[in-house]
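A.B. asks: Numbering (the working numbering), first residue to last: 10 to 967. Positions of the beta carbon are idealized from the N, C-alpha and C atoms, including for glycine. Since this is a predicted model, take the numbers as computed values, not measurements. What follows is a single structure, and I will ask about it in a moment.
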Amino acid sequence: MSKTLIIAEKPSVAQDIVRALTPSAGKFDKFDEYFESEQYVVSSAVGHLVEIKAPEEFDVKRGKWSFANLPVIPPHFDLNPIDKVKGRLNALVKLIRRKDVGHLINACDAGREGELIFRLIVQYAGTAKAAIAKPVERLWLQSMTPQAIRDGFEKLKSDAQMLPLADAARCRSEADWLVGINGTRAMTAFNSRDGGFFLTTVGRVQTPTLSIVVEREEKIRKHVSRDYWEVRANFDAQAGQYEGKWFDPSWKKDEDLERRADRVWNRPDADAIALAALGQPASVREESKPTTSSCGGLYDLTTLQREANSRFGFSAKTTLGLAQALYEKHKVLTYPRTDSRYLPEDYLAVAKQTAEMIANEDMPGPLRELAVHARKALKEGYIKPTKKVFDNTKVSDHFAIIPTLQAPKSLSEIEAKLYDMVVKRFLGVFFPPAEFMVTTRISTVKIVGPWPAGTRSAPQGGAVALGSGPASDAGQELNFQTNGKILVKPGWLAVYGKEVQEDDANLVAVAPGEVVRTESVDVKSLQTKPPARYTEATLLSAMEGAGKLIDDEELRAAMTEKGLGTPATRAATIEGLIAEKYMLREGRELIPTAKSFQLMTLLRGLDVEILTNPQLTGEWEFQLAEMEKGRLKRDEFMGRIAEMTERIVKKAKEYDRDTIPGDYATLTAPCPKCGGIVKENYRRYTCIGTGPSPAGTQAVPRGDALALGSGPASEPAGAAEGCGFSIGKIPGGRSFELREVEQFLATKKIGPLEGFRSKAGWPFTAELALVYDDEINNWKLEFDFGEDAKKAEGDGEPVDFSAQTSLGACPKCQGHVYEHGANYLCEHAVGATVTCDFKSGKIILQQPIEVAQMQKLLAEGKTALLENFVSNKTRRKFKAFLAYDKKEGKVMFEFEPRALKPGAKPSAKPSAKPAAAAKAAAPAKTVAAKKVPAKKVPAKKAAAKQAAPKKVAAKKAA
10 MSKTLIIAEK PSVAQDIVRA LTPSAGKFDK FDEYFESEQY VVSSAVGHLV EIKAPEEFDV
70 KRGKWSFANL PVIPPHFDLN PIDKVKGRLN ALVKLIRRKD VGHLINACDA GREGELIFRL
130 IVQYAGTAKA AIAKPVERLW LQSMTPQAIR DGFEKLKSDA QMLPLADAAR CRSEADWLVG
190 INGTRAMTAF NSRDGGFFLT TVGRVQTPTL SIVVEREEKI RKHVSRDYWE VRANFDAQAG
250 QYEGKWFDPS WKKDEDLERR ADRVWNRPDA DAIALAALGQ PASVREESKP TTSSCGGLYD
310 LTTLQREANS RFGFSAKTTL GLAQALYEKH KVLTYPRTDS RYLPEDYLAV AKQTAEMIAN
370 EDMPGPLREL AVHARKALKE GYIKPTKKVF DNTKVSDHFA IIPTLQAPKS LSEIEAKLYD
430 MVVKRFLGVF FPPAEFMVTT RISTVKIVGP WPAGTRSAPQ GGAVALGSGP ASDAGQELNF
490 QTNGKILVKP GWLAVYGKEV QEDDANLVAV APGEVVRTES VDVKSLQTKP PARYTEATLL
550 SAMEGAGKLI DDEELRAAMT EKGLGTPATR AATIEGLIAE KYMLREGREL IPTAKSFQLM
610 TLLRGLDVEI LTNPQLTGEW EFQLAEMEKG RLKRDEFMGR IAEMTERIVK KAKEYDRDTI
670 PGDYATLTAP CPKCGGIVKE NYRRYTCIGT GPSPAGTQAV PRGDALALGS GPASEPAGAA
730 EGCGFSIGKI PGGRSFELRE VEQFLATKKI GPLEGFRSKA GWPFTAELAL VYDDEINNWK
790 LEFDFGEDAK KAEGDGEPVD FSAQTSLGAC PKCQGHVYEH GANYLCEHAV GATVTCDFKS
850 GKIILQQPIE VAQMQKLLAE GKTALLENFV SNKTRRKFKA FLAYDKKEGK VMFEFEPRAL
910 KPGAKPSAKP SAKPAAAAKA AAPAKTVAAK KVPAKKVPAK KAAAKQAAPK KVAAKKAA
């Protein structure tokens, strides 16, 4: 008997299908990779199992990335297994090729990516001589209830119906490959013309995302702060005091976005208002009106990532990983990689069952408190059909993230935080809105006489409402506003623990007709602020809403609810930009590097700004939607993509000017040879002579970076008149940050720095030195790999420390410790006879180790708590002590012990065992740098593991 193979996109869906079919198809036997009955074989992928690649003859290796090999536009694409899921792929290939399997059903997710995943697997299962020719049907599911699955099997779609969607899916994948590979290789080849290998990645999603961050940084750097003043008065009423802020009731918005009704733009006007109001009576009028606030919608992945970043500082990648673990490992959340915030309309019963689970199960820790809210929702009948929650038209490939019917048993602290967020939102959406009473109070001081002596007759520039005529100050009014918001009914806020009103939200009562007195007035001096830098939360929002940046209405409509990337890929896009050194994380902020500004300058200068604009995605989405409707042929779309690819490569290949137009910086550090001015261009920092700064340029303060977009389009006059000193901006494929090149010119040495790449593309770390070359009669840049220091530290010439004061006794041999090169080391660790190996870097993970701290370590065993270590892996700062560990014979990281959780019991295990450290504030544990068993941590993972009070070798981190 011929069997039907059903392939789902993920194991949980395969299990749901088996449960739904069991009543009609009979019992399924479970095997390692599949389920089987007399009629069906059910298995699944785990997302993408294969990826497209160019045929071997088109596969240019990284060392040969040059314009001679571009563009790469293969006539067809081969497939390459993804290593980490190769086992699952091989299992599916065996099932597809089984002789007793005569029919295939695509049960992957209902959408473009689900179609692609299935078709690439089937294509891979075929051979060069014969493709898989078994008939295919499509299961199209919008809901995962058993009845919805059974209904889906009654309405299977034919393969012919799905071909337009399959074409669109393949086109999107192949177009991304063509633009990404060719764009990256072309820009890398352009930037590597002077030698070396300067990897310059571009892509349809990553480059517009980076452009958003760079444009924000440009606005921040160009912002000029303006002084303004606010006037706040305290009013005495019979029931007590309250504060009011002065405002101009006649103010209207204009083109100046920094103007506000409550801002005064010069100090004399602000002082005049304060003096005129002080001690004066004020009449009071107020208006109170009810208002409501509803709970936000259910979570999709992007919203969950955004809020977890705002609340807990989780990166998008961390949130995705936690949600995936809660889905796959603990099975307590539904599928997380979703872009929908709604449930199918037949999910009402499932929602009630989920609330019953929350109400009745004994959940661990703080999650137990949610049971009372679940019981109330069930008792009051809150869970009912509503378009805010149940809407088939808003359910895409997947529905919103909600709890499953399985209660959590043992979650980690951060897993519990994320689960708590999802459960609270799930319950909150069904609760009624919170109700408030909002009160706006206006306290009005009438000016009955002239303005106080020593001030202007009246504030100018719209500072106050001046009445109908300028002849007299009498009749003028000063208005002060006070706002209050009183919680009347908590509604959904009760789920979040807010059931009572905070005291400071209640306004002091004022009786009808009561006249209050202006007791005191304060003039507060403030400055306008630049826009905030992006965090992962705000960047995710910007990526999600990128379609709003497109002017064309058709293209904007095509990107509605699409944005840049997908919920499943946005975290990887952000992490990729950080990994490629286009952005840095500082706390929660994302800061673009010099490399990112250089890329934007290049793309603008080459006139390929389409790569920086979300409009490219808009154009593709519009055309792919037309293809899905049968209005556009696959060959026509791919032909357009090939033309665009050729145009991008041609622009880079044929650019023949020496530099790229841009707005470049003038350094504050002088030329090391002649003391002249050093100016930046696209490729180099060059001396332009000792004259004044060229017209139109301005010295850039140390620590700033170049701003783009508004400056001159070419190099300043006289750019070739310097002494000849010049250094490259990207030595070893790594871009100088402006603060780094300033330091480098001033001190003639910097490092060690990470992120350099060899000509073959391999990363390495090195110091840079400015060295005087007699042959060229000028200074030149050289890499310093510490060879001189290594020789001195080996069996070489003796080192004379007589001019130095000892920092303390060596903890290994009791010799003297001195500064030497980039290290602190024992006097017996260098010279002709080496008998000791004590050495510790002056800079460890970007944290300078001051002499005083090394003296403290040698005298007391450890330094003070140092706060500026930066993890190589996560780029996040962390705090640690440096401590000498006698057992290991090394300087180690030692972290602050974590405070005990409320109700937690101190560990009874001996402090010498590392396992106890994670559970209690026990004495510090030691972990060897070279041995890394399961419960021990190497130095490079220090930042990720700092919560546990243990020591980690600091030597390898340097």
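(1) With V432 and P412 assumed to form a contact (beta carbons below 8 Å), what rounded beta-carbon distance in angstroms separates them?
(2) Under three-state DSSP, which class holds V222?
(3) For R128, count neighbouring Cβ atoms within 10 angstroms of its own Cβ and tell me buried if that reaches 16, exposed if not.
(4) Closest Cβ-Cβ distance between K254 and chain B: below 9 Å?
(5) Helix, strand or coil: which one does DSSP assign to M10?
(6) Any idea which residues DSSP pairs A177 with across the strands?
(7) Which residue's Cα is closest to the Cα of S324: L874, L420, V900 and T547?
(8) Going by C-alpha distance, which of I587, A818, P740 and Y827 is nearest A812?
(9) Are there three or more Cβ pairs, one per stretch, closer than 8 Å when the region 337 to 345 is compared with the region 289 to 306?
(10) So V808 packs on G764, CB below 8 Å; how close in whole Å?
(11) Which value, in whole angstroms, describes the spacing of the CA atoms of A651 and T626?
(12) So, is F792 buried or exposed, given that buried needs 16 or more other C-beta atoms within 10 angstroms?
(13) Quick check on this structure: which residue in F887, P740 and F810 has the alpha carbon closest to the alpha carbon of G204?
(14) What are the residues that DSSP puts in a beta bridge with F445?
(15) With DSSP as the reference, please indicate the residues paired to P412 in a beta bridge.
(16) CB-CB under 7 Å to P968, same chain, minus the five flanking residues each way: which ones, in chain order?
(17) Out of curiosity, what's the CA-to-CA distance linking M901 and K865?
(18) Judging by CA-CA distance, which residue of C117, A137, I141 and F810 is the nearest neighbour of R107?
(19) Considering only the beta carbon of each residue, do L790 and A775 sit closer than 9 Å?
(20) Determine the burial state of F321: buried for a count of at least 16 other Cβ atoms within 10 Å of its Cβ, exposed for fewer.
(21) Sorted by chain position, which residues of the same chain lie with C-beta nearer than 6 Å to S53's C-beta, five sequence neighbours on each side aside?
(22) Reducing DSSP to helix, strand and coil, say where P670 ends up.
(23) Extract the residue ranges of the alpha helix (DSSP H) inside the region 311 to 355, only unbroken runs of 4 or more that lie entirely within it.
(24) Can you check the region 786 to 864 for any beta strand (DSSP E) of at least 3 residues that lies completely inside it and give the ranges in chain order?
(25) Return the CA-CA distance between A34 and V110, expressed in angstroms with no decimal places.
(26) Secondary structure at G470, three-state DSSP: helix, strand or coil?
(27) So for L633, helix, strand or coil by DSSP?
(28) For D236 and D265, I'd like the C-alpha separation in whole angstroms.
(29) Could you tell me the boundaries of the beta strand (DSSP E) in which N243 lies?
(30) For E749, which of helix, strand or coil comes out of DSSP?
(31) Quick check: the region 75 to 87 against the region 112 to 119, are at least 3 beta-carbon pairs closer than 8 Å?
(32) Use the C-beta contact count for L874: other C-beta atoms within 10 angstroms, 16 or more gives buried, fewer gives exposed.
(33) So, L284 versus V530, is the Cβ gap smaller than 9 Å?
(34) Which stretch, first to last residue, makes up the beta strand (DSSP E) that contains Y893?
(35) Tell me whether E365 sits in a helix, a strand or coil according to DSSP, three-state version.
(36) Between which two residues does the alpha helix (DSSP H) harbouring T7 extend?
C.D. replies: Once the coordinates are examined:
(1) Numbered from 1 along the sequence shown, position 423 holds the residue referred to as residue 432. Numbered from 1 along the sequence shown, position 403 holds the residue referred to as residue 412. With 8 Å as the limit, V432 and P412 qualify as a contact, their Cβ atoms being about 5 Å apart.
(2) Counting from one through the sequence shown, the residue named residue 222 turns up at place 213. Residue state, collapsed to three classes: helix.
(3) Counted from its first residue, the sequence shown places residue 128 at position 119. Buried, because 16 or more other Cβ atoms sit within 10 Å of the Cβ of R128.
(4) Among the chains of the structure shown, chain B does not appear; only one protein chain is present.
(5) The residue labelled residue 10 in the question sits at position 1 within the sequence shown. Correct three-state label for M10: coil.
(6) The residue you call residue 177 lines up with position 168 of the sequence shown. Under DSSP, A177 takes part in no beta bridge, so it has no partner.
(7) For the purposes of this step, residue 324 is taken as the residue at position 315 of the sequence shown. By alpha-carbon distance to S324, the top candidate from L874, L420, V900 and T547 is T547.
(8) The sequence position of residue 812 within the sequence shown is 803, counting from 1. That would be Y827, whose Cα lies nearest to the Cα of A812.
(9) Not touching, per the Cβ criterion.
(10) Residue numbering aside, residue 808 sits at position 799 when the sequence shown is read from its first letter. Residue numbering aside, residue 764 sits at position 755 when the sequence shown is read from its first letter. The Cβ separation is near 31 Å, so there is no contact.
(11) Reading the sequence shown from its first residue, position 642 is the one you call residue 651. Reading the sequence shown from its first residue, position 617 is the one you call residue 626. Between A651 and T626, the C-alpha separation is close to 16 Å.
(12) Walking along the sequence shown from the start, residue 792 turns up at place 783. Classification for F792: exposed.
(13) Within the sequence shown, residue 204 is the residue found at index 195, counting from 1. The residue with the shortest Cα to Cα distance from G204 is P740.
(14) On the sequence shown, residue 445 is found 436 positions in, with the first residue counted as 1. BP columns for F445 point to T300 and L496.
(15) Within the sequence shown, residue 412 is the residue found at index 403, counting from 1. Looking at the DSSP assignment, P412 forms a beta bridge with L342.
(16) Only positions 10 to 967 of the chain appear in the structure, and residue 968 is not among them; the question remains open.
(17) Working through the sequence shown from its first residue, we reach residue 901 at position 892. Working through the sequence shown from its first residue, we reach residue 865 at position 856. Those two C-alpha atoms are separated by around 14 Å.
(18) Translated into the one-based positions of the sequence shown, residue 107 becomes position 98. With distances taken between Cα atoms, R107 lies closest to I141.
(19) Translated into positions along the sequence shown, residue 790 becomes position 781. Translated into positions along the sequence shown, residue 775 becomes position 766. No.
(20) Translated into the one-based positions of the sequence shown, residue 321 becomes position 312. Burial check for F321: the Cβ neighbour count within 10 Å stays below 16, so the residue is exposed.
(21) The sequence position of residue 53 within the sequence shown is 44, counting from 1. Within the same chain, S53 has close Cβ partners A17, K19, P20 and A23.
(22) In the sequence shown, counting from the first residue as 1, residue 670 sits at position 661. If DSSP states are grouped into helix, strand and coil, P670 belongs with coil.
(23) Runs found: 325 to 337.
(24) The qualifying runs are 787 to 793, 826 to 829, 832 to 835 and 848 to 850.
(25) Here residue 34 is taken as the residue at index 25 of the sequence shown, counted from 1. Here residue 110 is taken as the residue at index 101 of the sequence shown, counted from 1. Approximately 16 Å between the Cα atoms of the pair.
(26) Taking the sequence shown and counting its residues from 1, the one referred to as residue 470 is at position 461. Low confidence applies here, because G470 scores a pLDDT of 41, under 50, leaving its location unreliable; read the following figure in that light. Coil.
(27) Translated into the one-based positions of the sequence shown, residue 633 becomes position 624. In the three-state scheme derived from DSSP, where H, G and I count as helix and E and B as strand, L633 is classed as helix.
(28) Taking the sequence shown and counting its residues from 1, one reaches residue 236 at position 227. Taking the sequence shown and counting its residues from 1, one reaches residue 265 at position 256. Straight-line measurement puts the Cα of D265 at about 14 Å from the Cα of D236.
(29) Numbered from its first residue, the sequence shown carries residue 243 at position 234. D236 to A246 is the extent of the beta strand (DSSP E) around N243.
(30) Indexing the sequence shown from 1 puts residue 749 at position 740. DSSP, read as helix, strand or coil, puts E749 in helix.
(31) Contact between the region 112 to 119 and the region 75 to 87 is absent: fewer than 3 CB-CB pairs across the two stretches fall below 8 Å.
(32) In the sequence shown, residue 874 corresponds to position 865, counting from 1. In the assembly as shown, L874 is an exposed residue. Its beta-carbon has fewer than 16 other beta-carbons within 10 Å.
(33) Along the sequence shown, one-based indexing puts residue 284 at 275. Along the sequence shown, one-based indexing puts residue 530 at 521. With contacts defined as CB atoms closer than 9 Å, L284 and V530 qualify as a contacting pair.
(34) Residue numbering aside, residue 893 sits at position 884 when the sequence shown is read from its first letter. For Y893, the enclosing beta strand (DSSP E) stretches over residues K886 to D894.
(35) Counting from one through the sequence shown, the residue named residue 365 turns up at place 356. Three-state result, E365: helix.
(36) Only positions 10 to 967 of the chain appear in this structure, which leaves residue 7 out of reach.
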